[in-house]
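Protein chains in written order, with the working numbering: chain A, 9 to 122; chain B, -10 to 102.
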Amino acid sequence: AQSVTQLGSHVSVSEGALVLLRCNYSSSVPPYLFWYVQYPNQGLQLLLKYTTGATLVKGINGFEAEFKKSETSFHLTKPSAHMSDAAEYFCAVRSGGNDYKLSFGAGTTVTVRA
Amino acid sequence: KAGVTQTPRYLIKTRGQQVTLSCSPISGHRSVSWYQQTPGQGLQFLFEYFSETQRNKGNFPGRFSGRQFSNSRSEMNVSTLELGDSALYLCASSLGAGETEAFFGQGTRLTVV
């Protein structure tokens, strides 16, 4: 079984500041990891994914995440926050093989201050 | 390339009624998964269909069911609606094989009164 813990339900940053969203996972097998963003009254949009290979993953809108197996973490960062980054962010994990069930963290809401 | 389409976007039903939600996946995608999103429970997996077969099921009562058609379109049905079924229901589409990611629709907002 796999699970995800997102540290911090709310994060507030200034425009132009670093955005750091923390995600730790547990999985009995090598995981596939994802970050999604959700804007109000919208579905989930994929930001980036880690499956195999390079542990530093670049995504859309300037976001990136680093897979650290030793720390079971997959933290999301963006060097400079923009007002449009205000949204809710979800970390998700799934095991490989034919199990396509995603287990999501509780989500982190990001507020960007002008 | 069209994305994942869910219909309807909004729905209001009365307790005890039943409801059917529809999802059209991205062309070529054979896997459709359904998730329930509520403020209290977050995002929870309902079930996944691949080539018309249920491949995985979450921990929901039997009132929640689904199916997938030969064109990969999927429907989920909730019978005997309860107030607690009020939620955003999200459909996700993927190739269903390999290191593939899931793409989500806009969701159907169900309100049970």
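Even for Gly, the Cβ is constructed at its ideal location relative to N, Cα and C.
Since this is a predicted model, take the numbers as computed values, not measurements.
Using a Cβ-Cβ cutoff of less than 7 Å, which residues in the same chain neighbour residue i once the five nearest sequence positions on both sides are dropped?
i                      : result
glutamine 6 of chain B : Leu70
alanine 114 of chain A : Gln14, Ser17
valine 12 of chain A   : Cys31, Tyr33, Cys99, Ala100, Val101, Ser111, Phe112, Gly113
Report all residues from its chain with a CB closer than 6 Å to the CB of residue i; omit the five preceding and five following residues, and keep chain order.
i                        : result
glycine 87 of chain B    : none
arginine 30 of chain A   : Leu15, His83
glycine 67 of chain A    : Leu55, Leu56
leucine 110 of chain A   : Ala100, Arg102
alanine 91 of chain B    : Ala81, Ser83
tyrosine 58 of chain A   : Leu41, Val65, Phe75
asparagine 66 of chain B : Thr9, Ser54
glycine 85 of chain B    : Arg19, Ser20, Phe39
valine 19 of chain A     : Thr116, Val118
By how many angstroms is the C-alpha of residue j removed from the C-alpha of residue i?
i                       : j                           : result
glutamate 64 of chain B : lysine 2 of chain B         : 17 Å
threonine 9 of chain B  : serine 61 of chain B        : 16 Å
histidine 90 of chain A : glycine 24 of chain A       : 6 Å
serine 113 of chain B   : tyrosine -1 of chain B      : No statement about residue 113 of chain B is possible, as the shown extent of chain B runs from -10 to 102 and does not include it.
valine 21 of chain A    : leucine 28 of chain A       : 9 Å
tyrosine 38 of chain B  : leucine 32 of chain B       : 18 Å
threonine 60 of chain A : tyrosine 40 of chain A      : 8 Å
aspartate 74 of chain B : tyrosine 24 of chain B      : 12 Å
proline 50 of chain B   : arginine 4 of chain B       : 16 Å
alanine 122 of chain A  : lysine 86 of chain A        : 17 Å
serine 35 of chain A    : threonine 27 of chain B     : 24 Å
leucine 35 of chain B   : lysine 46 of chain B        : 6 Å
tyrosine 78 of chain B  : glutamate 79 of chain A     : 33 Å
threonine 89 of chain B : proline -3 of chain B       : 27 Å
threonine 63 of chain A : phenylalanine 71 of chain A : 14 Å
glutamine 50 of chain A : glutamine 95 of chain B     : 5 Å
Buried or exposed, going by whether 16 or more other CB atoms sit within 10 Å of the CB of residue i?
i                           : result
phenylalanine 58 of chain B : exposed
tyrosine 47 of chain A      : exposed
alanine 73 of chain A       : buried
threonine 42 of chain B     : exposed
glycine 55 of chain B       : buried
alanine 120 of chain B      : This structure cannot settle anything about residue 120 of chain B, because the visible part of chain B is limited to -10 through 102.
glycine 29 of chain B       : exposed
leucine 72 of chain B       : exposed
threonine 97 of chain B     : buried
leucine 99 of chain B       : buried
valine 102 of chain B       : exposed
serine 88 of chain A        : exposed
serine 13 of chain B        : buried
serine 92 of chain A        : exposed
Whole-angstrom Cβ separation of residue i and residue j, contact assumed at under 8 Å?
i                           : j                       : result
phenylalanine 98 of chain A : leucine 52 of chain A   : 7 Å
tyrosine 44 of chain A      : glutamine 10 of chain A : Incorrect: roughly 16 Å between the Cβ atoms, too far for contact.
threonine 119 of chain A    : alanine 94 of chain A   : 6 Å
tyrosine 108 of chain A     : serine 20 of chain B    : 6 Å
arginine 52 of chain B      : serine 68 of chain B    : 5 Å
Does the distance between the C-beta of residue i and the nearest non-hydrogen atom of the ligand PLP fall short of 7 Å?
i                    : result
serine 40 of chain B : The ligand PLP is not among the ligands present in this structure, which contains no ligands whatsoever.
Using a Cβ cut-off of 9 Å, pull out every chain B residue sitting near residue i, in sequence order please.
i                      : result
alanine 114 of chain A : Gly31, Leu32
Could you list which residues in chain A have their beta carbon closer than 9 Å to that of residue i, in chain order?
i                     : result
serine 22 of chain B  : Tyr108, Lys109, Leu110
glycine 96 of chain B : Asn49, Gln50, Gly51, Leu52
Which residues of chain B have a Cβ atom closer than 7 Å to the Cβ of residue i, listed in chain order?
i                           : result
lysine 77 of chain A        : Within chain B, no residue comes near lysine 77 of chain A; the closest Cβ sits about 17 Å away, beyond 7 Å.
lysine 57 of chain A        : Glu90
tyrosine 40 of chain A      : Glu88
phenylalanine 98 of chain A : Leu32
Taking Cβ-Cβ distances shorter than 8 Å, what residues in chain A pair up with residue i?
i                     : result
arginine 4 of chain B : What arginine 4 of chain B touches in chain A: nothing, since even the nearest Cβ is about 24 Å away.
serine 83 of chain B  : Tyr108
Residues of chain A with CB closer than 7 Å to the CB of residue i, please, in chain order.
i                           : result
phenylalanine 93 of chain B : Gly51, Leu52
glutamate 37 of chain B     : Tyr108, Lys109
leucine 99 of chain B       : Simply none; closest approach about 14 Å.
Just to make sure I have the definition right: I need the residues of chain B whose C-beta is within less than 8 Å of the C-beta of residue i. Which are they?
i                       : result
threonine 60 of chain A : Glu88
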